[in-house]
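Asker:
Number of protein chains: 2
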Amino acid sequence: MSCLFETHNATLEKALDACTKRYAWSAYPESPSRKFHGDTAASAGKSRFESLLDQDYPLEQPGEIGRTGAEVSPYTRQPLGIRYPKVDVDQLYPAIEKAMPAWRDTSVETRTGVCLEILDRCAQQLFVNAHATMHTAGQSYIMAFAGSGANALDRGLEALSYAYKAMKDIPTTADWQRDFGAAGSAKLNKRYRLMPRGVSVAVCCATFPLWNGYPALTASLATGNPVVMKPHPSAILPVALFVSVCREVLSEAGFDPNLVTLVADTREEPATLPLLKHPHTAIIDFTGSPSFGNWIEENCRNAQVYTETAGCNSVIIESTDDLTAMASAIAHSLCQASAQMCTSVQNIHIPANGILVNGERVSFDAVAQALVAAVESHLSDTKTAAFLCGALVTDDTYDTLARLRDSAQQRGRLLRDSGPYSHPDFPNARTATPLMIEVTQAESDLYREELFGPVSFLIKGDDADNCLEAATRDARECGAITSHVYSSDPEFLDRAEQAYYLAGASVACNLVGMPINFAAAYSDFHVTGLNPAGNACLTDLAFVASRFRIVQSKRLVTD
Amino acid sequence: MSCLFETHNATLEKALDACTKRYAWSAYPESPSRKFHGDTAASAGKSRFESLLDQDYPLEQPGEIGRTGAEVSPYTRQPLGIRYPKVDVDQLYPAIEKAMPAWRDTSVETRTGVCLEILDRCAQQLFVNAHATMHTAGQSYIMAFAGSGANALDRGLEALSYAYKAMKDIPTTADWQRDFGAAGSAKLNKRYRLMPRGVSVAVCCATFPLWNGYPALTASLATGNPVVMKPHPSAILPVALFVSVCREVLSEAGFDPNLVTLVADTREEPATLPLLKHPHTAIIDFTGSPSFGNWIEENCRNAQVYTETAGCNSVIIESTDDLTAMASAIAHSLCQASAQMCTSVQNIHIPANGILVNGERVSFDAVAQALVAAVESHLSDTKTAAFLCGALVTDDTYDTLARLRDSAQQRGRLLRDSGPYSHPDFPNARTATPLMIEVTQAESDLYREELFGPVSFLIKGDDADNCLEAATRDARECGAITSHVYSSDPEFLDRAEQAYYLAGASVACNLVGMPINFAAAYSDFHVTGLNPAGNACLTDLAFVASRFRIVQSKRLVTD
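Protein chains in written order, with my numbering: chain A, 1498 to 2056; chain B, 1498 to 2056.
Pasting the structure below:
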């Protein structure tokens, strides 16, 4: 048994238990507090981030044909100036393939141990990762620390646990003996070997570079496949830091670091297609736009494809006992990370004649105003706003906001306009507060797709059941990663659960007093694979079981 | 917990244990002996078969637009005259979909219990199934009884066990509670529901109608999907009998029988494509030709596709301690079921300068002659020949034999000609003994594909390693389901195991004294999915884990 596996075995055992029972647990520190990290860790992380700027990123890989990278900080709007290896894929793949046999042939425990160590080592660089994530993905410091730190690492450990479980389901040997009557009898010794599929490519997204990056890597690497990490051109650094850790741990454990490589690119000169279409690419994990995700599902036939894309996440408001708490919870989702999360709410369905609040009828307009007021409240001081909203990952979002502002004026009602907020630390930060638009279902072409960024719709339905019908139809047809229902009527909740179930979408009911965007590793099955928002779930057995195959040998035993 | 589940729970538990430890076990009777079945079962089964001939098959399904079927017994060459429902798929599917909700919404235990009862009920009709299989697939009585009986049912139980294991991996509920610091705290009750993918189509093959039929059905049905069984036009009856059992058990258990339906057809008027291309078909299990299997893999993008096709199974002879036993074992494979099995050997690689037998060199020609003699020995009396070879499922095989006989004369050497053997019970039986051809590797275009039927090649290699190289290359490039190596040199065996492992093919070493075609449920992972002989394994977690998805709901718990 490998030493790294022993070192981290208790963590793995706990993760396996958490996956089975699905309670709340984290293996990694969520808080940046000096209580946990000491006095110097935070500033050391920041210094390390700063030391990487305007430099060649310290990564040597085969097939380097120059340097690339054009990241711009959403906070300073200045280029990061980090130059990553520009890689010739046709030179890279042979080096990767050279690395495969030793990794393939080692034990499940050794591979799992290396992956556990990688996650642990990443947990030790959460401060630099937080700064790297801020200045690429635009997340706020605290979200970059926790959401892109512990929460994402937990997803990696969760996927690793499933991979381990699926591999350990197969014994390494078996004795088999039977009598065939007149046809004889035999005693066989059988040996079962796990065989990776081949090169695994993980395409990461701009806003949460590692949330799918960690699980894609651990799922594939643990099952024996080398992994090429392909970051989004605007968020390379967090992925590069991760790749560096992987290569360091692999080397220390005596394996070829080329088992994990980075292929960086720029928007102008994209490098994704040659990876996806390479004949030796056997597995693709993709997070990003639905259109590219669908294209991959349709066109990358020779690879196992796992996608998480996006849809139009909705809220249905039927009734509530606490309008303020509910409005605050929903408004939190509209603000958090400037609604650039895959779990951000976009479409809020409200009956035209209002809702019951503690048995008293409250009009549509009053509910709408409560939501607007709750957003204002979250934004009331710039420090909180900055903490909650972070920055926009791309200037394109301003175009979306402008377009939708026009649409609102022509086809609905502008309930709340979007504007920048002043970031207390970064005066040049690319910011935008929520744009909130009232429409009827007749304008559904406006909202039946993901509008990336802080755009939301308050959609008038005939009644609560009509809202439910519209929201679940959108989930089924256009995809949804999260859906919310607020109701104090248990029968309506049951009906809603059933309707979402049939739409192939998961649903959360009456969430207040917590960040409702939160998806919990080991507990929430993230993405159902049944609606257009992705074909795979993070994480279940199906996410890992096909990443390897079984080859067996059997030998006659003669006594 | 359902009553059927309780009834069969011990069987399921034992199957789960067998899958985990992979020892020899069977849940069903392999022997037709009256010791086990009493005096009347055999004749009752035969009578039941005879009573079905020249009749409308007793099956009523929605969408019937006439009757179809053109089966001809390979033993009597007479039409069976059984008329099956001819089905309009567009009328059938709505009826199937009407049946889905109750099945989807019932418990894992209820669905598993129904599947266990189906298998058990099938085990009670093994005699009629044996006659049905003989007179469609051409199997001998004993193979039709055991190979298409217990051995196939065991595969069904194995797949069911994996499906059960994968589903039970997910709890039905969980309590989740955590503190978000300043952002609040929450207690959630979560509920996880398993959601089937949709209609599952199982395309069965002509020679072993239910060997994949049982596992495809149990894997899909247990996970909540209705199943359309699509038999090969020449082997409908065994599948129809199975469908009848499924419908009977489903009805008795209070479910809609349309959860399992039959779509029969004829060669002239095939019905497979409308099923495969139906937009509501979500899962396809296919057994049959590599070309159709590949077409499905490429073109049925919206369904989960599981294929088992064929390749060119090989033997490498490096050395042996017992030439007679080895030759007998290989010859058995050349004869058994007229080499129409997916595990039948086709390509026998022998070094040009012969092999060592107990340390003594034996020439290529002498080895070849030993193989020919062993075939003759297996055919020496017509009763044994009939028992072993059965009949040809199609007249087309005579064309293959004629074509290869010509090729042999032009490009190699005819070591043994094929001819009919006289069946003791069926004078009109469509029979053929093994055609054995000596060639060099220069003629590889002849043998680098499955030649369906009793055709084999004795292929001269430069030396044993050259034989190994050729055989593993063929396995990797053209597919293989079984591969054999005979060697008394442990180093060569190690090398061979490694080479097959790298070719993505399983290998059996030195099998003698048993039917080497035998693939054991609960122990042998059948098909690796890594070479062109199929993309799926019967049975592993990957075979079942994607047949369902998980949808969750979570509700805030207020104390």
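No residue lacks a Cβ here, since even glycine has one placed at the ideal position from N, Cα and C. None of these values were measured; they are calculated from a predicted model.
For Thr-1897(B) and Ser-1811(B), I'd like the C-alpha separation in whole angstroms.
Answerer: The sequence position of residue 1897(B) within the second sequence is 400, counting from 1. The sequence position of residue 1811(B) within the second sequence is 314, counting from 1. Whole-angstrom Cα-Cα distance: 19 Å.
Asker: At least one CB of chain B closer than 8 Å to the CB of Phe-1783(A): is that the case?
Answerer: Stepping through the first sequence from its first residue, residue 1783(A) is reached at position 286. No, no contact with chain B.
Asker: What do you get for Asp-1762(B), buried or exposed, if any count of 16 or more other CB atoms within 10 angstroms of its CB means buried?
Answerer: The sequence position of residue 1762(B) within the second sequence is 265, counting from 1. Buried: at least 16 other Cβ atoms inside 10 Å.
Asker: Please check the pair Ser-1645(B) and Pro-1735(B), which I expect to be a contact at CB under 8 Å, by giving their CB distance rounded to whole angstroms.
Answerer: Locating residue 1645(B) in the second sequence gives position 148, counting from the first residue. Locating residue 1735(B) in the second sequence gives position 238, counting from the first residue. Taking C-beta atoms under 8 Å as the contact rule, Ser-1645(B) and Pro-1735(B) qualify, at a distance of about 7 Å.
Asker: Please work out which residues of its chain come closer than 6 Å, Cβ to Cβ, to Lys-2087(B), disregarding the five sequence neighbours upstream and downstream, and give them in chain order.
Answerer: Residue 2087(B) lies beyond the stretch modelled for chain B, which goes from 1498 to 2056, so this question has no answer here.
Asker: So is Arg-2046(B) buried or exposed if we call it buried at 16+ other beta carbons inside 10 Å?
Answerer: Mapped onto the second sequence, residue 2046(B) falls at position 549. That one is buried.
Asker: Using beta-carbon positions only, say whether Leu-1509(B) and Leu-1613(B) come within less than 8 Å of one another.
Answerer: Walking along the second sequence from the start, residue 1509(B) turns up at place 12. Walking along the second sequence from the start, residue 1613(B) turns up at place 116. Yes, Cβ-Cβ distance for Leu-1509(B) and Leu-1613(B) is below 8 Å.
Asker: Closer than 9 Å by beta-carbon distance: list the chain A residues that pair up with Ala-2002(B), in chain order.
Answerer: Residue 2002(B) sits at position 505 when you count from the first residue of the second sequence. Here the neighbours are Val-2048.
Asker: Could you check the C-alpha separation between Thr-1778(A) and Ala-1656(A) for me, to the nearest Å?
Answerer: The residue you call residue 1778(A) lines up with position 281 of the first sequence. The residue you call residue 1656(A) lines up with position 159 of the first sequence. Cα-Cα distance, rounded: 20 Å.
Asker: Which runs of the alpha helix (DSSP H) spanning at least 4 residues fall entirely within the stretch 1874 to 1910 of chain A, listed in chain order?
Answerer: 1879 to 1886 and 1893 to 1908
Asker: Give the straight-line distance between the Cα atoms of Leu-1911(B) and Gln-1636(B), rounded to the nearest whole angstrom.
Answerer: Looking up residue 1911(B) in the second sequence gives position 414. Looking up residue 1636(B) in the second sequence gives position 139. Straight-line Cα distance between these residues: approximately 27 Å.
Asker: Mind listing, in chain order, the continuous beta strand (DSSP E) runs of no fewer than 3 residues lying wholly within the stretch 1615 to 1701 of chain B?
Answerer: 1670 to 1676, 1682 to 1693 and 1696 to 1700
Asker: Excluding five sequence neighbours on each side, which residues of the same chain lie with their C-beta closer than 6 Å to the C-beta of Asp-1782(A)?
Answerer: The residue given as residue 1782(A) occupies position 285 in the first sequence. Closer than 6 Å at Cβ, skipping near neighbours: Ala-1699, Ala-1713 and Tyr-1803.
Asker: Does the Cβ-Cβ distance between Ala-1627(B) and Phe-1642(B) come in under 8 Å?
Answerer: In the second sequence, residue 1627(B) corresponds to position 130, counting from 1. In the second sequence, residue 1642(B) corresponds to position 145, counting from 1. Yes, Cβ-Cβ distance for Ala-1627(B) and Phe-1642(B) is below 8 Å.
Asker: Could you say which of Ala-1649(B), Pro-1591(B), Val-1842(B) and Val-1611(B) lies nearest to Glu-1947(B) if we only look at CA atoms?
Answerer: One-based indexing of the second sequence puts residue 1947(B) at position 450. Taking only the C-alpha atoms, the option nearest Glu-1947(B) is Val-1842(B).
Asker: Using the Cα positions of Ala-1750(B) and Thr-1806(A), report the straight-line distance between them to the nearest angstrom.
Answerer: Position 253 of the second sequence, counting from 1, holds the residue named residue 1750(B). Position 309 of the first sequence, counting from 1, holds the residue named residue 1806(A). If you take the alpha carbons of Ala-1750(B) and Thr-1806(A), they lie about 41 Å apart.
Asker: Once the 5 residues before and after Ala-1993(B) are set aside, which same chain residues still bring their CB inside 6 Å of it?
Answerer: Mapped onto the second sequence, residue 1993(B) falls at position 496. So the list reads Leu-1965 and Val-1982, once near-sequence residues are dropped.
Asker: At a Cβ cut of 8 Å, what residues of the stretch 1726 to 1741 of chain A count as close to chain B, listed as they run along the chain?
Answerer: none
Asker: Quick one: residues in its chain with C-beta nearer than 7 Å to the C-beta of Asp-1672(A), no 5 flanking neighbours on either side, listed in chain order?
Answerer: As a working note, residue 1672(A) is residue 175 in the first sequence. These residues qualify, in order along the chain: Asn-1686.
Asker: Can you give the beta carbon distance from Arg-1913(B) to Val-1872(B), rounded, assuming they're within the 8 Å contact cut?
Answerer: As a position in the second sequence, residue 1913(B) is number 416, starting the count at 1. As a position in the second sequence, residue 1872(B) is number 375, starting the count at 1. Right, their Cβ atoms sit about 6 Å apart.
Asker: When burial is assigned at 16 or more other CB atoms within 10 Å of the CB, is Gly-1721(A) buried or exposed?
Answerer: As a working mapping, residue 1721(A) is identified with position 224 in the first sequence. Classification for Gly-1721(A): buried.
Asker: When you compare the CB positions of Pro-1442(A) and Ala-1634(A), do they come within less than 8 Å of one another, or not?
Answerer: An answer regarding residue 1442(A) cannot be provided, because it is not within the stretch 1498 to 2056 covered by chain A.
Asker: Below 8 Å, can you find three or more Cβ-Cβ pairs linking the stretch 1663 to 1672 of chain B to the stretch 1502 to 1520 of chain A?
Answerer: yes
Asker: How many Å lie between Lys-1532(B) and Val-1725(B) at the Cα?
Answerer: Working through the second sequence from its first residue, we reach residue 1532(B) at position 35. Working through the second sequence from its first residue, we reach residue 1725(B) at position 228. Going from the Cα of Lys-1532(B) to the Cα of Val-1725(B) covers about 36 Å.
Asker: Whose CA, out of Tyr-1944(A), Ala-1524(A) and Thr-1879(A), lies closest to the CA of Pro-1924(A)?
Answerer: Reading the first sequence from its first residue, position 427 is the one you call residue 1924(A). Checked all of Tyr-1944(A), Ala-1524(A) and Thr-1879(A); the closest Cα to Pro-1924(A) is Thr-1879(A).
Asker: Would Tyr-1711(A) pass as a contact of Gly-1790(A) if the rule is Cβ separation under 8 Å?
Answerer: As a working note, residue 1711(A) is residue 214 in the first sequence. As a working note, residue 1790(A) is residue 293 in the first sequence. No. Outside cutoff.
Asker: Count the other CB atoms within 10 Å of the CB of Pro-1598(A); is the residue buried (16 or more) or exposed (fewer)?
Answerer: By one-based count along the first sequence, residue 1598(A) stands at place 101. The residue is exposed, with fewer than 16 neighbouring Cβ atoms inside 10 Å.
Asker: Excluding sequence positions up to five away, which residues of its chain have a Cβ less than 7 Å from the Cβ of Gly-1909(A)?
Answerer: Numbered from its first residue, the first sequence carries residue 1909(A) at position 412. Counting only Cβ-Cβ distances below 7 Å, and skipping sequence neighbours, we find Ile-1934, Glu-1935, Val-1936 and Glu-1940.
Asker: Against chain A, does Gly-1681(B) count as a neighbour if the rule is that its beta carbon must be under 8 Å from one of theirs?
Answerer: Position 184 of the second sequence, counted from the first residue, corresponds to residue 1681(B). Yes, its Cβ sits closer than 8 Å to a Cβ of chain A.
Asker: Looking at Cys-1832(A): is its Cβ nearer than 8 Å to the Cβ of Cys-1797(A)?
Answerer: Indexing the first sequence from 1 puts residue 1832(A) at position 335. Indexing the first sequence from 1 puts residue 1797(A) at position 300. Their beta carbons are not under 8 Å apart, which means Cys-1832(A) does not touch Cys-1797(A) by this criterion.
Asker: Put Asn-1755(A) into one of helix, strand or coil per three-state DSSP.
Answerer: Within the first sequence, numbered from 1, the residue matching residue 1755(A) stands at position 258. In the structure shown, Asn-1755(A) sits in a helix (DSSP, three-state: H, G or I).
Asker: I'd like the ranges of any alpha helix (DSSP H) spanning at least 4 consecutive residues and lying wholly in the stretch 1900 to 1967 of chain B.
Answerer: 1941 to 1944
Asker: Taking Thr-1894(A) and Ala-1929(A) to be in contact with their CB atoms under 8 Å, please state how far apart those CB atoms are, rounded to whole angstroms.
Answerer: In the first sequence, residue 1894(A) corresponds to position 397, counting from 1. In the first sequence, residue 1929(A) corresponds to position 432, counting from 1. Contact flag correct, Cβ pair sits at about 6 Å.
Asker: Is the Cβ of Val-1854(B) closer than 8 Å to any Cβ of chain A?
Answerer: The residue given as residue 1854(B) occupies position 357 in the second sequence. With 8 Å as the cut-off, Val-1854(B) does not count as an interface residue toward chain A.
Asker: Asn-2007(A) versus chain B: which residues are under 9 Å apart at the beta carbon?
Answerer: Within the first sequence, numbered from 1, the residue matching residue 2007(A) stands at position 510. Close partners of Asn-2007(A) in chain B (Cβ separation under 9 Å): Arg-2052, Leu-2053 and Thr-2055.
Asker: Please name the residue or residues paired with His-1829(B) in a DSSP beta bridge.
Answerer: The count along the second sequence starts at 1 and reaches residue 1829(B) at position 332. Its beta-bridge partners do not exist; DSSP assigns none.
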